[in-house]
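A short write-up of the structure that comes next.
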Amino acid sequence: MSSTKVDAFPQNNLTWKILDDATKGGYAVGAFNCYNNDGVMAVIRAAEAKRSPALIEIFPWTMHFQGAHFVRYIVEAAHAASVPIGVHLDHCMDPADVDLALTLPIDSIMVDASRLEPEANIKYCRRITELAKERGITVEAEMGRINGGEDGIPDAGHLEEILTDPQHAAEFTRRTGVHFLAPSFGNIHGPYPEGGSESYWQLDRLKEIADALGPSTPLVIHGTHPVPDWLFRKAIDIGARKININRNARDEYTKFVAENAGRLELTALKEQSVAIYQKSVEELMDVLGSSGQAS
Ligand SMILES: [Zn+2]
1 MSSTKVDAFP QNNLTWKILD DATKGGYAVG AFNCYNNDGV MAVIRAAEAK RSPALIEIFP
61 WTMHFQGAHF VRYIVEAAHA ASVPIGVHLD HCMDPADVDL ALTLPIDSIM VDASRLEPEA
121 NIKYCRRITE LAKERGITVE AEMGRINGGE DGIPDAGHLE EILTDPQHAA EFTRRTGVHF
181 LAPSFGNIHG PYPEGGSESY WQLDRLKEIA DALGPSTPLV IHGTHPVPDW LFRKAIDIGA
241 RKININRNAR DEYTKFVAEN AGRLELTALK EQSVAIYQKS VEELMDVLGS SGQAS
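FYI, in full-length UniProt numbering the residues of the sequence shown are 1 to 295.
Structure representation (structure tokens):
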């Protein structure tokens with residue numbers, strides 16, 4: 001980055017701008033995990049149809065299995081949309097993934113060093129944030145440790161869940177310089193056990209974390225499979241600004257593909273399944289309040 005660009009950072013970063021606008025407007029933006037081109041098309045089409053900002057989220061798996069060219073295609077397609085769509089790399093656990101990510105034109109990354117002890121997590125996140133800044137990339141970090149796993153993230157089941165301490169949250173963001181914080185407040189990756197997210201999420205803790213951080217650090221919610229609409233709205237009222245959505249956005253799509261693969265021509269299968277995927281994404285944009293917010 002040139003010195004002028006560094007001076008304007010992070011305000012000139014797309015993910016930062018999308019989430020800063022969400023903070024000012026009191027809504028949240030979906031970060032939709034995409035594994036293939038159908039997902040990328042569905043999110044872009046939904047965002048344009050709803051005039052909604054959005055984030056396309058990929059895992060390091062995409063960098064490895066589909067490669068750097070595919071990541072560049074996602075970024076080019078997202079940035080060519082008529083509404084703001086940023087590209088975020090979720091759950092970078094391996095330092096080599098961070099190194100690879102910083103060579104790509106993505107907007108933001110999540111550093112997941114939650115397996116480390118708290119002090120080591122702070123040091124690691126600070127170093128990555130400094131490196132990422134040189135590339136104009138903003139950083140999300142997980143503080144504490146969120147339980148469970150989902151497609152693309154190994155299950156942290158052998159490690160104990162660590163809930164985010166609100167008193168330490170502000171110190172963590174100040175010392176690391178991370179831009180967005182993913183707290184652990186009872187949320188779980190992957191399907192919730194009996195009782196659902198409504199019996200696991202500790203909204204009081206989320207509120208204390210939000211109050212400790214203030215509006216300059218948008219909160220990111222992981223572990224949303226599934227979450228009732230009213231609970232999303234409560235979390236947004238508290239200060240959730242980036243909401244990671246994985247299975248909820250693609251269950252209808254997966255079901256359609258499973259029932260029609262081999263029956264329809266590939267062109268028809270793709271057109272119809274992307275349309276179904278798009279509709280699911282649009283419904284979630286309405287729930288999160290991002291529909292109509294793109295200028
Ligand atoms: Zn996550």
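In this text, a Cβ means the ideal position worked out from N, Cα and C, and glycines have one as well.
Smallest Cα separation from residue i: which of the options?
i    : options                : result
P183 : R175, T176, L159, A210 : A210
D99  : M63, G39, H79          : M63
S290 : L19, A8, F9            : L19
E140 : H91, D38, H168         : H91
I85  : G214, K17, E259        : K17
L219 : E117, D229, G149, A235 : A235
F232 : L288, P118, E171, L264 : L288
P226 : E119, E194, L213       : E194
K270 : N12, G149, D7, M41     : M41
P191 : G149, F172, A169, D229 : G149
G223 : D151, M93, A268        : D151
P118 : F172, R51, D204        : F172
W230 : G262, D286, Y35        : D286
Residue j and residue i - do their beta-carbons sit closer together than 8 Å?
i    : j    : result
T217 : T138 : no
D97  : P154 : no
Y27  : Q293 : yes
S114 : G144 : yes
I58  : V43  : no
S75  : P53  : Residue 75 is actually Val in this sequence, not Ser. Not in contact: V75 and P53 (Cβ atoms no closer than 8 Å).
N248 : H189 : no
L284 : G25  : no
I238 : N187 : no
L206 : F185 : yes
H88  : M110 : yes
F32  : K133 : no
Can you find the residues in the same chain that come closer than 7 Å, C-beta to C-beta, to residue i, ignoring five residues on each side of it along the sequence?
i           : result
residue 322 : Outside the shown range of the chain (1 to 295) lies residue 322, about which nothing can therefore be said.
residue 308 : With the chain covering only 1 through 295, there is no way to say anything about residue 308.
E208        : P166
T129        : V139, T176, G177, V178
Note down, in chain order, each residue of its chain lying with its Cβ closer than 6 Å to the Cβ of residue i, except the 5 sequence neighbours on either side.
i    : result
E252 : I276, S280
S295 : none
Can you list, in chain order, the residues of its chain with a C-beta nearer than 8 Å to that of residue i? Leave out the 5 residues immediately preceding and following it.
i    : result
A81  : I44, A47, E48
S273 : D38, Y253, F256, V257, N260
Any beta carbon from chain D within less than 8 Å of residue i's own beta carbon?
i    : result
A170 : Judged by its chain identifiers, the structure shown contains no chain D, having just a single protein chain.
Per the contact definition of three or more C-beta pairs closer than 8 Å, is the segment 155 to 174 in contact with the segment 67 to 74?
Contact between the segment 67 to 74 and the segment 155 to 174 is absent, because fewer than three Cβ pairs lie under 8 Å.
Three or more C-beta pairs below 8 Å linking the segment 237 to 249 and the segment 193 to 202
no
Suppose only complete runs of 3+ residues qualify. What are the beta strand (DSSP E) ranges in the segment 88 to 116, listed by chain order?
108 to 111
Are the segment 121 to 130 and the segment 164 to 182 touching by the rule of at least three beta carbon pairs closer than 8 Å?
yes
Write down every uninterrupted run of the beta strand (DSSP E) in the segment 7 to 49 whose length is 3 residues or greater and which is fully enclosed by it, in chain order.
29 to 33
Quick check for students: name the residue ranges of the alpha helix (DSSP H) that lie wholly in the segment 190 to 230, counting only runs of 4 or more.
196 to 200, 203 to 213
Residue ranges of each beta strand (DSSP E) run of no fewer than 3 residues wholly in the segment 59 to 84, ordered along the chain?
none
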